[in-house]
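2 protein chains.
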Amino acid sequence: MDKAEISKGGSARTRVKDDGRPVLLGELENYVGFHLRLAQSASFKAFRRLTGESDLRPGWFAVLAIIHNNPGITPMALSRASGRDKSTITPVLRELLREELVRRSANPADKRSYALFLTPHGEEKLAHLAACAAEHDRELDEIVGDKKQELIRLLRRIVAVLD
Amino acid sequence: MDKAEISKGGSARTRVKDDGRPVLLGELENYVGFHLRLAQSASFKAFRRLTGESDLRPGWFAVLAIIHNNPGITPMALSRASGRDKSTITPVLRELLREELVRRSANPADKRSYALFLTPHGEEKLAHLAACAAEHDRELDEIVGDKKQELIRLLRRIVAVLD
DNA sequence: TCAAACTGGTTTGATACAAAACTAAGTTGA
DNA sequence: TCAACTTAGTTTTGTATCAAACCAGTTTGA
Chain A
1 MDKAEISKGG
11 SARTRVKDDG
21 RPVLLGELEN
31 YVGFHLRLAQ
41 SASFKAFRRL
51 TGESDLRPGW
61 FAVLAIIHNN
71 PGITPMALSR
81 ASGRDKSTIT
91 PVLRELLREE
101 LVRRSANPAD
111 KRSYALFLTP
121 HGEEKLAHLA
131 ACAAEHDREL
141 DEIVGDKKQE
151 LIRLLRRIVA
161 VLD
Chain B
1001 MDKAEISKGG
1011 SARTRVKDDG
1021 RPVLLGELEN
1031 YVGFHLRLAQ
1041 SASFKAFRRL
1051 TGESDLRPGW
1061 FAVLAIIHNN
1071 PGITPMALSR
1081 ASGRDKSTIT
1091 PVLRELLREE
1101 LVRRSANPAD
1111 KRSYALFLTP
1121 HGEEKLAHLA
1131 ACAAEHDREL
1141 DEIVGDKKQE
1151 LIRLLRRIVA
1161 VLD
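Same order as they appear, the protein sequences are chains A and B.
Numbering-wise (our numbering), the first sequence opens with residue 1 and increments by one.
Numbering-wise (our numbering), the second sequence opens with residue 1001 and increments by one.
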């Protein structure tokens, strides 16, 4: 229908697709944090659309992929690598264990912890999710074009410094 | 003792700060979506650290700023501009009205809707939040350097295309 | 060697969000 | 003009997330 009405060449202006009249974002317009939130939210929604109908939660992908790449990893290391709090990982793992996508084995050297592995079934599901993720990333590639590496570099720096 | 001796110079490997041993992210390493999530989460946490002790919720900032820049805006337009669902806006506004940071006036032309304005008290609080946000954005500026405009352009494109 | 400090993982409590169902008000077209 | 659609805002419900408190096992240092 319409969007991008933009206007007054001044500074802060932005189209907000919907109905004609643009909304002024002011300072927000130039805040990296604000756009980060919008982009992350848009990307997440798009990814969920892709995995959509299947019984796979989008949040499972990173977890499965990391276990796949690091068989025997502990929940703590997984939590750090996936950027989620350890207390967030617990219920995810419980679900994955219940669904038998993941298996765990005790670590005799440290009885508090345990080692995680994908089951063959988990590998299958991961393959499917990875296909969705690859598809999704192709869309993103399309959008960011040859700036992709630069973009990732910047995002990584933000994490490294702020986190 | 340990596991994850991994390394094996293959391709995608990454250190996850904490304890020496690197965790392999594999394909994840090159997924824009993954890094978007990490960066957004890091940025959000940093912002919350800044506003931290005050009684201001970080989520209020965008809402207050947008109302400030668009006096009389409706909740729906606000929801779209701030990138949050209308059902998410409702409780935020309820709180802001209760705290008397925002005031609303009926729209005689459409009885379903209403117009939003900041109260003087709201303007004050916004000023404080804006100071935190500016501070936060300075940190981000530091990190992204002269690539900032390029970064924002890319993030905006992601939103425009995927959303 | 053993008490204190620390660490891995779980539980609990609170917040932020979206989606769907709903209500009330506005718009449209035959 | 009025029934059928559409839109603005709210309510309800479900999920993801973090932080803090907690427990059990491990490390440390006097």
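Note that the Cβ used here is the ideal one computed from N, Cα and C, for glycine as well.
No experiment lies behind these values; they were computed from the predicted model shown.
Buried or exposed (CB count within 10 angstroms, at least 16 for buried), residue i
i	result
LYS111/A	exposed
LYS125/A	buried
ILE1143/B	buried
LYS149/A	Residue identity check: residue 149/A is Gln in the sequence provided, not Lys. That one is exposed.
ILE6/A	Its pLDDT being 30, under 50, ILE6/A is placed unreliably in this model, and the value from its coordinates should be taken loosely. Result: exposed.
ASP1146/B	exposed
PRO1108/B	exposed
ARG138/A	exposed
PRO58/A	buried
PRO22/A	buried
SER1079/B	buried
Beta-bridge pairing of residue i - partner residues as DSSP gives them
i	result
TRP104/A	Residue 104/A is actually Arg in this sequence, not Trp. Answer is LEU116/A.
ILE73/A	LEU116/A
Host alpha helix (DSSP H) of residue i (start-end)
i	result
ARG48/A	32-51
THR1090/B	1086-1098
ALA160/A	148-162
Neighbour flag for residue i against chain B, beta carbons, 9 angstroms
i	result
LYS147/A	yes
PHE117/A	no
ARG104/A	no
VAL92/A	no
ALA131/A	no
ILE66/A	yes
LEU101/A	no
ILE6/A	A caution first: ILE6/A carries a pLDDT of 30, below 50, which makes its placement in the model unreliable, though a value can still be read off. ILE6/A does not count as touching chain B.
Nearest candidate by alpha-carbon position, reference residue i, set the options
i	options	result
ILE1089/B	VAL1102/B, LEU1101/B, VAL1159/B and PRO1075/B	PRO1075/B
LEU1025/B	PRO71/A, VAL32/A and LYS45/A	PRO71/A
LYS1098/B	ALA1077/B, GLY1083/B and GLY1122/B	The sequence given here places Arg at residue 1098/B; Lys does not occur at that position. Checking every option, the nearest Cα to that of ARG1098/B belongs to GLY1122/B.
ALA1133/B	TYR31/A, PRO22/A and LYS86/A	TYR31/A
ALA1131/B	PHE1061/B, SER1082/B and ALA1115/B	PHE1061/B
ARG94/A	LEU140/A, LEU154/A, HIS35/A and VAL63/A	VAL63/A
Residue i at chain A interface by Cβ criterion, 9 angstroms
i	result
ARG1057/B	no
ARG1112/B	no
LYS1045/B	yes
VAL1144/B	yes
LEU1024/B	yes
ASN1030/B	yes
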